[in-house]
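Engineer:
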Amino acid sequence: MITILYFAAVRELVGLDEEKVEFTGTITELATFLEGRHERLRGRLGAVRFAKNEEFAASEERIGPGDVIALVPPVAGG
Numbered sequence: 018m019i020t021i022l023y024f025a026a027v028r029e030l031v032g033l034d035e036e037k038v039e040f041t042g043t044i045t046e047l048a049t050f051l052e053g054r055h056e057r058l059r060g061r062l063g064a065v066r067f068a069k070n071e072e073f074a075a076s077e078e079r080i081g082p083g084d085v086i087a088l089v090p091p092v093a094g095g
């Protein structure tokens, strides 16, 4: 099982702060999985950064049991 943390606009789209799911695969595969699980995310994850265990992750990085994945949307401001 992995823990997924949602922040800012992604949190608003999903309606959750976090959730636990059974998943193994890559960051790219997780994005596809989440778009299938949460209809409002479809087509909106392109600019979102994924962090694995508090470090930004490459799209082909593997995810496994116990990992914590954060979805961090772009931040605007100055």
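Here the working numbering is used: position 55 in the sequence shown is 72, and no number is missing along the way. A virtual CB, placed ideally from N, CA and C, is assigned to each residue, including glycine.
Leaving out the 5 sequence neighbours to the left and right, which residues in its chain are closer than 6 Å to PRO91 when beta-carbon positions are compared?
Structural biologist: Taken in chain order, the residues that qualify are ALA64.
Engineer: GLU39: which of GLY32, ALA25, ARG54 sits nearest, CA to CA?
Structural biologist: The shortest C-alpha separation from GLU39 is found at ARG54.
Engineer: If you draw a straight line from the C-alpha of ILE25 to the C-alpha of GLU77, how long is it?
Structural biologist: Reading off the sequence, residue 25 comes out as Ala, not Ile. So the two alpha carbons sit approximately 24 Å from each other.
Engineer: How many Å lie between THR20 and THR41 at the Cα?
Structural biologist: THR20 and THR41: Cα-Cα distance of roughly 12 Å.
Engineer: Give the secondary structure of THR20 by DSSP, where H, G and I count as helix, E and B as strand, and everything else as coil.
Structural biologist: THR20: strand per DSSP, three-state reduction.
Engineer: What do you reckon, are the CB atoms on ARG61 and VAL85 nearer than 9 Å?
Structural biologist: Not in contact: ARG61 and VAL85 (Cβ atoms no closer than 9 Å).
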